[in-house]
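Take a look at the structure set out below.
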Amino acid sequence: MDPRVERTAHRGRRVSEPRRLSLEIAVSSPSGARAALDGGADRVELCVGLELGGLTPSQGLIETTVAVGLPVHVLIRPRPGDFVFAADEVDLMERETRAAVASGASGVVIGALLSDGSLDEVALGRLVEAARGPGAGGAGIELTLHRAIDQSQDPVAAAVRLAGLGLTRVLTSGGASRAASGIPTLEAMARAAGSVQVMAGGGVDVADIGALVATGVDAVHLSAKKPARRAGGSWVSLGTRSTSADSDSHFVTDGAIVAAARRALDAPSHPAAG
């Protein structure tokens with residue numbers, strides 16, 4: 050059976066034809082969102098600092114990206130590093146969640162862990178309330194648990210708990226550095242997640258998409274980026290040890306990669322997962 054049908058049937062839904070799996074593109078600008086839209090993406094995850102794994106974008110960036118016309122899901126992550134957040138960081142994420150929704154975001158992308166590697170359900174509950182509670186965006190705001198789940202002690206067990214926390218979907222590599230290396234865990238998460246959508250992401254290339262779809266996931270996420278050379282003359286070190294900050298290039302969304310990913314995702318058949 051086509052895995053797109055099998056996944057839906059497993060959830061007890063009536064199936065007449067294969068589902069159209071969703072394509073999400075990580076972008077950092079309105080121009081990136083336009084490239085994603087033109088290439089056939091269903092939505093974008095908006096962040097800055099992709100080279101750091103993504104950080105929260107500014108309110109102005111959210112507003113100008115929303116104006117492109119594609120659903121925008123905003124990453125809420127105040128700093129690089131681990132996902133164990135101090136109390137003041139959770140307070141900040143609450144404010145950033147409210148600001149993102151007020152700026153027109155269709156969803157927010159959140160995550161927090163305790164020091165033992167389990168989900169920080171208290172922090173997550175506060176962020177869900179900030180997105181959907183009184184004066185916020187209401188039940189229509191989608192909530193994605195980001196790749197904090199890949200740092201958790203048991204991604205499959207964590208996936209089981211997400212529906213009860215009010216999450217819409219989870220972005221995961223199956224606990225591996227790249228989604229293509231996490232196939233067995235992705236399969237297990239797709240079976241265990243219930244009503245929560247499982248979205249494969251993390252180092253995804255177009256060539257990986259067939260195998261990822263065969264795991265039974267609901268969506269695929271990738272950055273579809275290419276380097277853009279800097280303009281201007283000489284380059285002076287910015288006084289940081291960050292390779293990206295000291296580079297003479299940055300990344301932009303490649304519409305051709307987005308379009309190729311869309312074609313791969315919509316292919317009529319895919320190989321079975323190994």
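For the sequence shown, our numbering assigns the number 50 to the initial residue and increments by one for each residue that follows. Glycine included, C-beta positions come from ideal geometry on N, C-alpha and C.
The stretch 270-277 and the stretch 237-246 do not touch, with fewer than 3 CB-CB distances between them shorter than 8 Å. The Cβ atoms of Thr302 and Gly81 sit closer than 7 Å to each other. The straight-line gap separating the alpha-carbon atoms of Val139 and Val158 is approximately 14 Å. Following the DSSP letters along the chain, one finds Val93 inside the beta strand (DSSP E) bounded by residues Arg92 to Leu95.
With at least 16 other beta carbons inside 10 angstroms of its own, Asp169 counts as buried. Closest option to Gly166, judged by alpha-carbon separation, among Ser77, Phe134, His195 and Gln202: Gln202. Cβ atoms of Ala225 and Gly259 stay farther apart than 8 Å, at about 17 Å. In this structure, the CA atom of Pro233 is about 16 Å from the CA atom of Ala268.
Here Val307 is near Ala85, since their CB atoms are less than 7 Å apart. With contacts defined as CB atoms closer than 7 Å, Ser77 and Val97 qualify as a contacting pair. Under DSSP, His299 shares a beta bridge with Ala277. With respect to the C-alpha of Ala179, the residue from Ser152, Ile74, Arg144 and Val245 having the closest C-alpha is Arg144. Selection Ala206, Arg218 and Asp257 evaluated against Arg311 yields Asp257 as nearest (Cα-Cα).
Rounded to the nearest whole angstrom, the CA to CA distance from Arg210 to Arg181 is 19 Å. CA-to-CA, the gap between Ile74 and Ala136 works out to about 31 Å.
Note that the C-beta distance between Ser152 and Glu112 is below 7 Å. Here DSSP, grouped into helix, strand and coil, assigns Ile258 to helix. Leu72 places its beta carbon less than 7 Å from that of Asp91.
When rounded, the separation of the alpha-carbon atoms in Val253 and Ser244 is 24 Å. Distance check between His299 and each of Glu100, Leu95 and Asp87 places Glu100 closest, using alpha-carbon atoms only. Counted as a single uninterrupted DSSP element, the alpha helix (DSSP H) harbouring Gly304 occupies residues Gly304 to Leu314. Excluding five sequence positions before and after Thr217, the CB atoms of its chain that fall closer than 8 Å to its own CB belong to Gly156, Glu191, Leu192, Thr193, Val245 and Gln246, given in chain order. Cβ-Cβ distances below 6 Å link Leu141 to Pro127 in the same chain, with the five nearest sequence neighbours on each side left out; the list follows chain order.
Annotated three-state conformation of Thr193 is strand, per DSSP. Judged by beta-carbon spacing, Ala228 lies beyond the 7 Å limit of Phe132, meaning their Cβ atoms are not closer than that value. Using a 10 angstroms sphere on the CB of Arg175, the tally of other CB atoms reaches 16 or more, which defines it as buried. Ser71 is bridged by DSSP to Ala268.
Sequence-distant partners of Gly304 (beyond 5 residues in either direction) whose C-beta falls short of 7 Å from its own C-beta, in its chain, are Ala84, Asp87 and Gly88.
Apart from sequence neighbours up to five positions away, the residues of its chain that approach Leu119 with a beta-carbon distance below 7 Å are Ala82, Ala85, Leu86, Ala90, Arg92 and Val93, ordered along the chain. DSSP places Thr221 in the strand class (E or B) of the three-state scheme.
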